[in-house]
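Everything on this sheet refers to the single structure shown next.
Have a look at this one:
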């Protein structure tokens, strides 16, 4: 009768080094956002009374603006969009967005209300 194959001693003899190729280092393909002076606005005009937070003053390509908007929406956990060079975040999250943007290195000015 042979030895059982489910012992841990048999697993100790397996060489795992040569089973898979070495992983390549991960690189971040997202464009690096330069620090900018932004404005955080609070508005409910033209939106049937719904409150939104507007981030204005971004200078850069629309792709960079969309990347920044996505980071902000994910960090706050709400929806939003990018229109006319502005980031529109649903709800009044101005204080939280100011903190997040300053941690990213941007200078943010609070405008209105």
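Residue numbers (my numbering): 1000 to 1112. Using N, Cα and C, we set each Cβ at its ideal position, and we do this for glycine too.
Quick one: is residue i buried, meaning 16 or more other Cβ sit within 10 Å of its Cβ, or exposed?
| i | result |
| --- | --- |
| residue 1068 | buried |
| residue 1076 | exposed |
| residue 1098 | exposed |
| residue 1010 | exposed |
| residue 1079 | buried |
| residue 1093 | buried |
| residue 1082 | exposed |
Since residue i is in the beta strand (DSSP E), which residue starts that stretch and which ends it?
| i | result |
| --- | --- |
| residue 1039 | 1036-1042 |
| residue 1089 | 1085-1089 |
Can you check which of these residues, the options, is closest to residue i by C-alpha distance?
| i | options | result |
| --- | --- | --- |
| residue 1110 | 1033, 1056, 1034 and 1045 | 1056 |
| residue 1048 | 1070, 1082, 1009 and 1091 | 1091 |
| residue 1073 | 1059, 1085, 1096 and 1060 | 1096 |
| residue 1071 | 1007, 1059 and 1100 | 1100 |
| residue 1103 | 1058, 1035 and 1007 | 1035 |
| residue 1108 | 1037, 1087 and 1060 | 1037 |
Stretch pair the stretch 1008-1016 + the stretch 1049-1064: three plus CB contacts closer than 8 angstroms: no
With a threshold of 8 angstroms, are at least 3 pairs of Cβ atoms found where one atom belongs to the stretch 1041-1050 and the other to the stretch 1063-1076? no
Return the chain-ordered ranges of every alpha helix (DSSP H) run that is complete within the stretch 1047-1109 and spans a minimum of 4 residues. 1061-1075 and 1093-1102
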